[in-house]
Amino acid sequence: MNRRDFLSFSSVSETSSAPMMPTRSLAGDLTPYSGPWDRAAAAHLLRRCCFGPTPEEINQALNWGLEQTLDRLLGNHQLPAPPVMFDFNEDRNAREGQTWIEAPLDDGGDDGRRRRSLRAWNIGLMVGEGIRIRESMVLFWHNHFSVEIGKVGEARNAYQYLDLLRKNALGNFKTLVEEMTILPAMLRYLDGDDNRKGRPNENYARELFELFSIGKGPLRGPGDYTYYNENDVLAAAECLTGWRPITQGDDAGSPQVEFSEDRHEPGDKQFSAAFQNRVISNAGKDEYKVLIDMIFAEKQTAVHIVKKLYRWFVYYDITEEVMRDIIEPLAQQMVDENYEVKNVIRRLLASEHFLGTDSHGAYIKHPLDMVVGVVKNSRYPVPTETDYIWSYYFWDNMLNQARNMQMEFMNPPDVAGWKAFYQEPLFHQIWINSVTLPYRFSYLKNFVRNGYRKNDIRIEMDLIELLGTVEDPFDPNLLISGWTERFLPMPLDQVQLDALKNVLIPGLPDFEWTEEYMLYLADPSDEMVSKSILTKLEALLTAIVTMAEFQLS
97 MNRRDFLSFS SVSETSSAPM MPTRSLAGDL TPYSGPWDRA AAAHLLRRCC FGPTPEEINQ
157 ALNWGLEQTL DRLLGNHQLP APPVMFDFNE DRNAREGQTW IEAPLDDGGD DGRRRRSLRA
217 WNIGLMVGEG IRIRESMVLF WHNHFSVEIG KVGEARNAYQ YLDLLRKNAL GNFKTLVEEM
277 TILPAMLRYL DGDDNRKGRP NENYARELFE LFSIGKGPLR GPGDYTYYNE NDVLAAAECL
337 TGWRPITQGD DAGSPQVEFS EDRHEPGDKQ FSAAFQNRVI SNAGKDEYKV LIDMIFAEKQ
397 TAVHIVKKLY RWFVYYDITE EVMRDIIEPL AQQMVDENYE VKNVIRRLLA SEHFLGTDSH
457 GAYIKHPLDM VVGVVKNSRY PVPTETDYIW SYYFWDNMLN QARNMQMEFM NPPDVAGWKA
517 FYQEPLFHQI WINSVTLPYR FSYLKNFVRN GYRKNDIRIE MDLIELLGTV EDPFDPNLLI
577 SGWTERFLPM PLDQVQLDAL KNVLIPGLPD FEWTEEYMLY LADPSDEMVS KSILTKLEAL
637 LTAIVTMAEF QLS
């Protein structure tokens, strides 16, 4: 079926509300992809695994081939240097340019600047990721194990949380759940520090079942969710008693936790038939691991996480055929391999189902993907890491732009994450509404026309340099096809290409552009010619990035 049949989104205007995109029926199974390794396949793979891959990165993937590209995407890459302070501040324990990840709090106890540093730094990692899946997986796990930065305590807790996600991005899911369960940030976020003998707090236990591991099945009766029930939640909460984070304050070092036997419920914990009526007896500080072992013994735990991975990388609609041909086999592989994640993802990404079906452009970009992608593909002159102050300010601005589009990094709406990744029936269409769509267009127009300003610093896009990336900048048709290929996930039809040419050279023959560009090259200092060229290029790029297709991945 022609992908145009699906693109009802193409009629969206700046005043419209959320588009209704028809459901696609994706074909194919997990058979290794045998089709051509062409630009469309390489671009699709990188767009779903990275933030706004550039044509240069896509060309590199083409040269490597599928297997080597997957090796690179899923490789073990060096961990990044930690965040540093970047704005002028009064923190005596972490000056500008110094990291704060083990520094005690300043006398005033104001942690806001460190949190700002942390989130800006993480946006910078998205911008500079290259051909790697790791930062996309960090965001996936952040959405899965959602925490809100305002509730996790010190910024050191939040950094430790992100560090755990990054180190385990392609590791063992069960190990990640175990470590997350007693992580200071999560203990604070879901009130684990208030979970004690005689007064169990069910917050983390409930989310462990519903969101983090086995998932919430169809409601079968009062308090019975198929894969667990309310009594299981209470029993699990008792298994988890006794753990709490250690307050840091003026102490240097990484966040720590402690286990107290006096706070732990020592009695037997009875579970339901969903877990074969298992009884967990007192296992002290290892009891949380016994609980997790019990949950991960159920294949439904693997099914739950594979479904989330599928929706992240492929498509939101999980049909009976997808369950049978994709989800169930991958879940069985995950069980067989003791919940290792990397091989499951690789098998999915290398499959006929992922690469050989019409899933290109089937997703609306989430705000972070859109904001990072336009920066990368426009070859925007982001300040270098050596100029850390302005780099962090720029990344902080990108964070704020995504927040205005209803995706604030490290501050999801609630513990379930962003609704676009789970809320039926709209899923990713939730990103586009009467508030966010006009803001997306406004941001993109301003980005092209005005660049970035901070105090007396102004950073602007170099449209002439971007013009030089196309095959033949003297030919307006090749200029337009080069830029649309750079910024859009699918080719345009001739009507759309003609409309864009009319933006560049309204009603004029092609040679008018060729001659004007030659005049510019002959004398770039000619202000009249230079202004005319830049005005035309600015109008063209604005038209491209405000097309409906730009919002898709």
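Per the numbering used here: the sequence shown = residues 97 to 649. Cβ atoms here follow ideal geometry from the backbone N, Cα and C, with glycine treated the same way.
Item: Cβ-Cβ separation, tyrosine 257 to alanine 281 (assumed contact under 8 Å), whole Å; Value: 4 Å
Item: Contact under 8 Å by Cβ, valine 599 with alanine 635; Value: yes
Item: Tyrosine 548 - containing beta strand (DSSP E), residue span; Value: 548-550
Item: Among Ala398, Ile423, Val468, the one whose alpha carbon lies nearest that of glutamate 436; Value: Ala398
Item: Nearest to histidine 240 (by Cα), restricted to the options Ser309, His462, Arg536; Value: Ser309
Item: Rounded separation between serine 487 and arginine 212 - CA only; Value: 13 Å
Item: Rounded straight-line distance, which links the Cα of phenylalanine 236 to that of arginine 262; Value: 11 Å
Item: Beta-carbon gap between isoleucine 528 and glutamine 519 smaller than 8 Å; Value: no
Item: Per DSSP, cross-strand counterpart(s) of glycine 317; Value: Asp320
Item: DSSP three-state assignment for asparagine 218, whether helix, strand or coil; Value: helix
Item: DSSP-derived helix/strand/coil call for leucine 648; Value: strand
Item: Cβ neighbours of leucine 158 in the same chain (closer than 8 Å, five flanking residues each side left out); Value: Trp133, Asp134, Arg135, Ala138
Item: Beta-carbon gap between phenylalanine 392 and lysine 270 smaller than 8 Å; Value: yes
Item: Residue interval of the beta strand (DSSP E) (run including arginine 340); Value: 339-341
Item: Short Cβ contact (8 Å threshold) for lysine 461 with leucine 648; Value: yes
Item: Pick from Trp408, Glu334, His238 that is closest to glutamine 366, judged by C-alpha positions; Value: Glu334
Item: Alpha helix (DSSP H) segment containing arginine 143, residue limits; Value: 135-145
Item: Valine 591 in three-state terms, based on DSSP; Value: helix
Item: Limits of the unbroken beta strand (DSSP E) element including isoleucine 245; Value: Looking at the DSSP string, isoleucine 245 is not in any beta strand (DSSP E), and its letter there is neither H nor E.
Item: Burial state of isoleucine 388, where buried means 16 or more other Cβ atoms lie within 10 Å; Value: buried
Item: Sub-8 Å separation of threonine 453 and glycine 124 beta-carbons; Value: yes
Item: Contact set for threonine 277: own chain, Cβ-Cβ below 6 Å, skip 5 residues either direction; Value: Tyr384
Item: The segment 162-176 in contact with the segment 187-202 per 3-pair CB rule at 8 Å; Value: no
Item: Backbone CA spacing between serine 538 and glutamate 567 [nearest angstrom]; Value: 30 Å
Item: Span of the alpha helix (DSSP H), counted from its first residue to its last, around valine 471; Value: 463-473
Item: Residue from Pro176, Asn155, Gln352 with nearest C-alpha to tryptophan 339; Value: Gln352
Item: Per-residue burial, isoleucine 553 [other beta carbons within 10 Å of its own, 16 or more giving buried]; Value: exposed
Item: Cβ pair count under 8 Å reaching 3, the segment 325-333 against the segment 363-378; Value: yes
Item: Nearest-angstrom Cα separation, counted from valine 641 out to tyrosine 535; Value: 13 Å
Item: Contact set for alanine 427: own chain, Cβ-Cβ below 7 Å, skip 5 residues either direction; Value: Lys395, Ala398, Val399, Val402
Item: Unbroken beta strand (DSSP E) run spanning phenylalanine 523, endpoints; Value: No beta strand (DSSP E) holds phenylalanine 523; DSSP gives it neither H nor E.
Item: Simplified DSSP assignment, three categories, for glutamine 502; Value: coil
Item: Whole-angstrom distance between isoleucine 423 and glycine 406, CA atom to CA atom; Value: Residue 406 is actually tyrosine in this sequence, not glycine. The alpha-carbon atoms of tyrosine 406 and isoleucine 423 are separated by roughly 8 Å.
Item: Top-ranked residue by Cα proximity to asparagine 500, from His524, Val531, Leu522; Value: Val531
Item: Endpoints, the beta strand (DSSP E) within which valine 234 is located; Value: Valine 234 -> not in any beta strand (DSSP E); alpha helix (DSSP H) instead, spanning 230-240.
Item: Whole-Å CB distance - arginine 143 paired with methionine 506, under 8 Å assumed; Value: That pair is no contact at about 24 Å.
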